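Take the sequence shown: its letters are residues 5 to 185, numbered as in the numbering used here.
In what follows, a single structure is set out as structure tokens and then discussed.
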Amino acid sequence: MCFNHTENPDTSQSAQFSTDALKFLAPGKSSVVYAIDDRRVVKMYNSTDDNEDVIERRAYDRLGVHRNIVKCFGWNDGARVLERGQILRGICRQHGAARISLRRKIRWLIDFAEGVRHIHDKSIVHADVGCHNAVLTKHDCLKIIDFEGCSMDGGEAGSAYEWFSYRPSTPKISKQTDIFA
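Following this line, the structure appears as structure tokens:
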């Protein structure tokens, strides 16, 4: 189980950063993520034609602080400053899933389930649940990331799950599809 670690509760200061030392981490559907330092990243949007930045901001505002949702420190010139962690998929690939203890995997599953429950309790469907959208903090706490394609209040989602099937992927995005993913 995760605990809230408030290393820097002053989020206005946490949203400040210099663009000189940013390190590229990953591209996204409509954004690029850079490392600011060992505890923060910045998510910069390529385009906002589909309002992904607005949707994500509304989602973070609604979700508030939860131990299994990545902390949003604030906004800086339209970019999101977020808590940094290691992508769960990368950890599993790097170490080999078979070499990770069952106890640790179960803890991650519980963390994931608690995060998804909080998301659903706030009338949000993530719509892209998976190991690629979860990070582990330096305290080994699993946190869900990436809300730019979520559905809010039953609205249309801008993302789709990573699943592979011989059948066309046409289910309506719902709480049940988040849980299935």
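Using N, Cα and C, we set each Cβ at its ideal position, and we do this for glycine too.
Small disclaimer: the values here were computed from a predicted structure and weren't measured.
- Rounded to the nearest whole angstrom, the C-alpha separation of HIS130 and ASP24 is 33 Å.
- About 7 Å separates the beta carbon of ILE148 from that of VAL74, a gap short enough to meet the 8 Å contact definition.
- If the five residues before and after ARG103 are omitted, its C-beta is found closer than 6 Å to no C-beta atom of its own chain.
- In the DSSP assignment, CYS96 falls within the alpha helix (DSSP H) that extends over 92–99.
- The beta carbons of ASN72 and GLY32 sit no closer together than 8 Å.
- Here ASN137 is buried, its C-beta having at least 16 other C-beta atoms within 10 Å.
- Taken atom to atom, the span from the alpha-carbon of SER34 to that of SER105 is near 35 Å.
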